[in-house]
Amino acid sequence: MKKIFLIAFTLILGLGSMCAQGNGKKSRAEMKKEFKEFKMKFIAQEVDLQDDQQKQFFELYEQMSDERMQVFEQTRRLERKVKKDPQATDEDYAAVSRAITEAKEKDAAIEKKYEAKFSTFMSSKQLFKMKAAEEKFRQKMNEMRHRRRK
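Following the working numbering, the numbering of the sequence shown begins with 2 at its first residue and continues without gaps.
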């Protein structure tokens, strides 16, 4: 079952990137939405969520993802600005370094806040599996990115 899911996963991402490059019918926002939905379904499957848990999980996980994305997007903007600026000062680089550290702290706080919310309807084992599934998903994405670059 998991092999079938991973094959489907690979096909979906491959087709998605072809659509994005080809005729451009899907917007970047649509692609992000599909990717996010696919990630949540992947995690739900890995965690073995029951049907009644899935709805709560999807809503909560989307909220958590949006909060985390917002924190890191602000930091990435600042980082890109400094990288592009040939006149960037040591103070600018120090500000980016502080912002990165603060973003990681905020991310940890968000994760802790949502872990408490997830624990109201998920077991400790499922929470553990969720973290493992997120890492597995990241690893698969990195593998696919590296394969595509070669």
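Even glycine gets a Cβ: it sits at the ideal position worked out from N, Cα and C.
Judged by beta-carbon spacing, A134 lies beyond the 8 Å limit of E68, meaning their Cβ atoms are not closer than that value.
Here the region 26–45 does not lie against the region 89–109, with fewer than 3 beta-carbon pairs under 8 Å apart. For the pair D86 and F73, the Cα-to-Cα distance works out to about 20 Å.
The DSSP assignment places 29–48 as complete runs of the alpha helix (DSSP H) inside the region 28–84, in order along the chain (cut-off: 4 residues). Of all alpha-carbon atoms in S66, E60, K42, the one lying nearest the alpha-carbon of I111 is that of S66. Going by DSSP, M142 is part of the alpha helix (DSSP H) stretching over 125–150. In the three-state reduction of the DSSP assignment, F119 falls in the helix class, which pools H, G and I. Residue state for K26 is assigned as coil, using DSSP reduced to three classes. The Cβ atoms of L128 and F122 do not sit closer than 8 Å to each other.
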